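Notes to accompany the following structure.
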Amino acid sequence: MSSHSPDPAEDGSFMGLALALGRRGLGQTWPNPAVGAVLVQSTDRGPLIVGRGWTQPGGRPHAETQALRHAGAAARGATLYVTLEPCSHHGKTPPCTDAIVAAGVARVVSALEDPNPEVRGEGHARLRAHGIAVDVGIGAEAARRAHAGHIRRVVDGRPHVTLKLAISADGKVGLAGRKPVKITGALATARVQLMRAMHDAILIGIGTALADDPLLTCRLPGMAQRSPVRVVLDSGLRLPLDGQLVHSAPMTPLWVFTTSAAPPAAEQALRAHGVEVIRLAGSAGGLDLSAVLRQIAARGITRLMVEGGAKIAAAFVAADLVDEAALFRSPNAIGSDGVDALEELPLVALTNSPRLTMRCGEVLGADRLELLERA
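Numbering (this note's numbering), first residue to last: 324 to 698.
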C-alpha cells in the first residue's frame, strides 16, 4: 500500500481533473451518469498519474474500469479519484468495486455518495470492508452539478431541466406575429450549440416547430454525432412531415409527445418517417409537463434542455420545473409588439424566483450570459 499521506490541496487538484474528464461524457452516457476517474501513484518525485478514464458513450464501460485498464499493474497501491461512488451492484457490467479491489488500489477519494438505491453507500462500504481507505466529499459541490441529471432522475423520477432563453434588451424573444428573429451573436450561438452537446435531450413546443422549422442538432464542427434527442410537445400532432425535424428523424432521434385525442393517421405518418410518438392522457390545457418529464426519464434521459418557445418556457416556470436557467441577453431591443420571453408571465417570475439564484455571468461579445440555478 501507498505510504503517501493525504494532502487536501493535492486531493482537490486531482478531483478537479476527474471532474473535467467526466464532463467529456455529458450528453452521451445516459441513462448512466458521466463519471470521471484518475489513478495516482505516489513516487519519490511526487504524485504521478498512472490512469484516467471517463464513462463511455451509452454509459459503459464505466470510468473506474477505464482508468484501471489504463493503469494496468501501476494501479496497485495507488489512489483512485472518482466523481461519484463506485457501483457495487451487478448491472449490465460487474461492480466497479470488485475491479478496484482486484487491482489492489489502496485509497479511494470519492466526491459524492450515489443516491441510486442500488448503490447508496454500499460501494464505499464494500471498499472499506476490503481494507481500502475511503474519503468522501472532496469536490462535492462541483460533482453535484456534474451529476445533477443522474441525481434528479433517481431521486425525483425526472430529468434535470435547463431552460435556455435568448432575450432582447426589452425582454422579448420574437417579433410580432411570432416571427423568429436572430437575437444574439456568434459567440452566444456557439455556446448554445455546446450546451446542446452536453444535454441528453432538447425540448420545444409545436409553436416553435411550426414558426422556426428548426433542426435542433449540434452544429459545432465535427460534433453532429453529439446531437441530443429532439423532443416536441404536440398535442394535436401538427408537426409537418416535410420539416427539418421529421426529415432528420432517421439520423437523430425525434420523440413527439401527444395526447390520447390526437389523430391516429397523423401518428402513423410520423412513425413511417422514423419518429417515436408517445401518447399521454391529455388535460384541458394540453400535455401535463410532469407526466412528460416522467416518461422522458423512464426512457433514460437525465439532462433536458428546454429551448422554446415563450409558452413552453412559461409553463415550465409556472410548474416549478426549472432547475437551471441560461439567459442570453442581447443589448438590442425588439419593440413593444414583440413576443414576451415568458408568455403571460413577467420575466421576473424567473429572474427573481425564490427557487433560483444567480450562479455567474459571462460576457459573450456584445451579449451577456446569466446562469441561474435552483437554490
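From the three backbone atoms N, C-alpha and C, an ideal C-beta is built for every residue, glycine too. A quick note: this is a predicted structure, and the numbers were derived from the prediction, not measured.
What separation, rounded to the nearest whole angstrom, lies between the Cα atoms of residue i and residue j?
i, j, result
"Arg475", "Ile624", "11 Å"
"Leu673", "Glu630", "15 Å"
"Met324", "Val457", "Reliability of the predicted coordinates at Met324 is poor, the pLDDT of 39 falling under 50, and no value is obtained from them."
"Ile601", "Ala332", "49 Å"
"Ser326", "Ala398", "Confidence is the limiting factor: at Ser326 the pLDDT is only 44, short of 50, which leaves the residue's position unreliable, though a coordinate-based value still follows. Rounded to whole angstroms, Ser326 to Ala398 spans 14 Å at the Cα level."
"Leu687", "Arg652", "10 Å"
"Leu488", "Pro587", "34 Å"
"Gly339", "Val361", "10 Å"
"Leu560", "Gly609", "12 Å"
"Ala620", "Trp353", "10 Å"
"Gln364", "Gly374", "9 Å"
"Leu679", "Ala656", "26 Å"
"Phe580", "Leu562", "11 Å"
"Ala390", "Glu590", "45 Å"
"Asp437", "Cys683", "27 Å"
"Lys505", "Gly530", "17 Å"
"Lys502", "Ala532", "12 Å"
"Leu694", "Glu685", "9 Å"
"Asn355", "Pro418", "14 Å"
"Ile635", "Glu441", "35 Å"
"Ala641", "Asp330", "46 Å"
"Pro573", "Gly454", "51 Å"
Is the beta carbon of residue i sitting closer than 9 Å to the one on residue j?
i, j, result
"Leu342", "Gly359", "yes"
"Gly597", "Leu556", "no"
"Ala492", "Leu407", "no"
"Val496", "Leu526", "no"
"Arg392", "Gly381", "no"
"Ala434", "Val405", "yes"
"Glu666", "Val484", "no"
"Ala534", "Gly632", "yes"
"Arg443", "His522", "no"
"Arg549", "Ala585", "no"
"His447", "Val459", "yes"
"Ala637", "Leu668", "yes"
"Pro551", "Ala524", "yes"
"His412", "Glu464", "no"
"Arg468", "Glu696", "yes"
Taking residue i as the reference, give the member of the options with the closest Cα.
i, options, result
"Ala422", "Val554, Cys410, Leu486", "Cys410"
"Leu650", "Leu435, Asp330, Arg346, Ala511", "Ala511"
"Leu403", "Arg501, Thr581, Val432", "Val432"
"Arg481", "Val615, His447, Leu539", "Val615"
"Asp643", "Asp660, Ala620, Pro677", "Pro677"
"Ile461", "Ala452, Asp334, Ala429", "Asp334"
"Ala547", "Leu517, Gly530, Gly559, Leu526", "Leu517"
"Ala429", "Asp663, Gly444, Leu486, Arg451", "Arg451"
"Gly566", "Leu577, Ala664, Asp536", "Asp536"
"Ala499", "Glu685, Arg691, Ser659, Val424", "Ser659"
"Asn439", "Asp611, Gly472, Gly494", "Gly472"
"Arg622", "Asp690, Thr366, Ile490, Val477", "Val477"
"Arg691", "Phe639, Val515, Gln618, Asn675", "Val515"
I think residue i touches residue j, with their Cβ atoms under 8 Å apart; what is that distance to the nearest whole Å?
i, j, result
"Val569", "Leu593", "7 Å"
"Ala401", "Ala394", "7 Å"
"Leu486", "Val645", "5 Å"
"Ser603", "Thr582", "Ser is not the amino acid found at residue 603; the sequence shown has Leu there. About 6 Å; that satisfies the 8 Å criterion."
"Leu577", "Glu599", "7 Å"
"Gly345", "Thr378", "7 Å"
"Leu349", "Gly494", "Wrong, their Cβ atoms sit about 30 Å apart, outside the cutoff."
"Ile490", "Ala664", "5 Å"
"Thr420", "Arg449", "5 Å"
Taking three-plus beta-carbon pairs below 8 Å as touching, is the segment 491-509 in contact with the segment 541-549?
no
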